[in-house]
Amino acid sequence: MIRDPETFNILLDTLRRFVRERLIPAENELVETDEIPARILKEMREIGLFGLTIPVEYGGLGLTTEEEVLTSIEMCQASPAFRSIAGTNNGIGSQGIVIDGTPEQKEKYLPRLASGELIGSFALTEPGAGSDAGSLTTSARRDGNHYVINGTKRYITNAPEAGVFTLMARTDPESKDASGVSAFIVERNTPGLSVGKPDRKMGQRGSHTADVIFDDVRVPAENIIGGKEGVGFKTAMKVLDKARLNIAAVCVGASTRMLEEALTYAMQRKQFGKPVAEFQLVQAMLADCQTDIFAARSMTLEAARKRDEGGNVTMEAACCKYFASEMCGRVADRAVQVHGGAGYMADSPIERFYRDVRLFRLYEGTSQIQQLIIARNMIRNAGH
Ligand code: COS
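Each residue of the sequence shown is one higher than the last, beginning at 1194 in this note's numbering.
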């Protein structure tokens, strides 16, 4: 749903210019320093990029899902790390509070997340609980007006920068599955909470992940999201439904950029006396990319509209994340192929994107987990 096309187009135009004039020229600096330049962060805050999806009453822009995915398609035409720093505030780092938080929790945290003053992060994965997120073992033991948290979270995006975590921990020690999990808001400066060294990764320089370690961390009982024990896994899954749609849009954005790079290169690079874009075997690769991107974009927008209408999109979000991340991998591979040897060189944006986008088939649920969610929903729906 696009509420006011005229105003929304102004935002998209601003973003398009920001990407072309500010982000793409800063990509090499991002890679060399492994940091988003401070001037870019400041501009991102000023444009409102940290609060795109946070409701207007809490200082955000309150974008609908369709509007959000359209902004992600624009933003991700620059290196994915630029989106990633604000991505948790708009997605997994705030949405637990937006979707299931109490009015007091929203009041306390959302305005600072919307302004970008606070970076939000989502702590679900553990050393022993990745795809099987419901088996997590981080414990939260009630002690008077507090919970005492112990455990380790792994590969947590934006943990080094985070000021607040949405943490999933087990409040029912008798349980082994999702039913005993609760979601908490944990502030970074709480005694006993520490963040490990940033992980060394295949790509995505400038976007950081790390372990988060909880050692007898005392969290006020009022910080349990929604004020209720035992529903934290469901909160996490609702957050991921929305996040997966957004990752599909991220994939469309990155693929659009890679195809643009491949097309530009193919039209300039001459072999056998003419631009390689004139050879049908190269044209086939370009056409396959265009078709793939069109399909992923169309399905993502349709699923986003369904979510805006109040529909359940668990299955559609999984379809979009699955298809779009796999298609992004195909586009990355073909874009390198179109570039030939030049695409293998470290100073080529394509070499960098090729590594950056590999993550999309893994995080926020692997392709295999998306397949499992799609099939489970098909079977459940057929049973009714
Ligand atoms: N929305 C709301 N509730 C949901 C839900 C959703 N999308 N998905 C599941 N639930 C509910 C189920 O209805 C069930 O509740 P009941 O017991 O009341 O029926 C509960 O949550 C447990 O669901 P389920 O039995 O399907 O859980 P599983 O342990 O089988 O796990 C998968 C399901 C595999 C889908 C889940 O663990 C998953 O998404 N894993 C990947 C995790 C991931 O994406 N990690 C990435 C890192 S986080 S960025």
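The beta-carbon is built from N, C-alpha and C at its ideal position, and this holds for glycine as well.
Can the beta-carbon of V1212 be found less than 8 Å from the beta-carbon of L1494?
Cβ atoms of V1212 and L1494: not closer than 8 Å.
Which full runs of the alpha helix (DSSP H) of 4+ residues lie inside the region 1322–1386, going along the chain?
Entirely contained in the region 1322–1386, not one alpha helix (DSSP H) run reaches 4 residues.
Excluding sequence positions up to five away, which residues of its chain have a Cβ less than 8 Å from the Cβ of R1363?
The answer, listed in chain order, is L1329, T1330, T1331, S1332, A1333, G1373, V1374 and S1375.
Using a threshold of 7 Å, is the CB atom of I1566 nearer than that to any non-hydrogen atom of the ligand COS?
Within the cutoff, so yes.
Using C-beta distances below 8 Å, list every residue in its chain close to E1297, excluding the 5 sequence neighbours before and after it, in chain order.
Cβ neighbours of E1297 beyond the five flanking positions: E1415.
Near C1521, which residues of its chain fall below 7 Å by C-beta distance, leaving aside the five closest residues on each side in sequence?
If we look at C1521 and ignore the five residues flanking it on each side, its Cβ neighbours are C1444, A1447, S1448, V1550 and F1553.
Considering G1313, what are the terminal residues of the beta strand (DSSP E) in which it resides?
First-last of the beta strand (DSSP E) with G1313: G1313 to A1316.
Would the beta-carbon of Y1556 be found less than 7 Å away from any heavy atom of the ligand HEM?
Looking for the ligand HEM in the displayed structure turns up nothing; the ligands present are the ligand COS.
On the DSSP bridge list, what partners appear for R1411?
According to DSSP, which records beta bridges pairwise, R1411 is partnered with V1341.
Less than 8 Å between the C-beta atoms of E1259 and A1517, yes or no?
No, they are not a contact pair.
Is the number of C-beta pairs between the region 1300–1317 and the region 1243–1252 that are closer than 8 Å three or more?
Yes, since at least three Cβ pairs between the region 1300–1317 and the region 1243–1252 fall closer than 8 Å, the two stretches touch.
Can A1326 and A1441 be called in contact, C-beta distance under 8 Å?
Not a contact, by the Cβ cut-off of 8 Å.
Is D1370 near the ligand COS, going by C-beta to nearest heavy atom under 7 Å?
Under cutoff, so the answer is yes.
Going by Cα to Cα distance, which pick from G1323, L1456 and G1396 is closest to Q1530?
The option with the nearest alpha carbon to Q1530 is L1456.
Quick check on I1247: does DSSP put it in helix, strand or coil?
I1247: coil per DSSP, three-state reduction.
Taking buried to mean at least 16 other C-beta atoms within 10 Å of its own C-beta, is F1426 buried or exposed?
Flag for F1426 reads buried.
Thinking C-beta only, is S1314 closer than 8 Å to G1286?
Yes, the pair counts as a contact, with Cβ atoms nearer than the cut-off.
Determine the extent of the alpha helix (DSSP H) in which D1549 is found, giving its start and end residues.
Its alpha helix (DSSP H) spans residues P1542 to D1549.
Below 8 Å, how does it come out for the region 1499–1512 and the region 1475–1484: are there three or more Cβ pairs, yes or no?
Flag = no, the region 1499–1512 and the region 1475–1484 do not touch.
Is A1441 close to the ligand COS? I mean its beta-carbon at under 7 Å from any heavy atom of the ligand.
No.
On the CB-based measure, 16 or more other CB atoms within 10 Å of its CB, does G1344 come out buried or exposed?
G1344 should be labelled buried.
Can you tell me whether P1320 is buried or exposed? The criterion is at least 16 other CB atoms within 10 Å of its CB, across all chains shown.
Answer is exposed; the Cβ neighbour count stays below 16.
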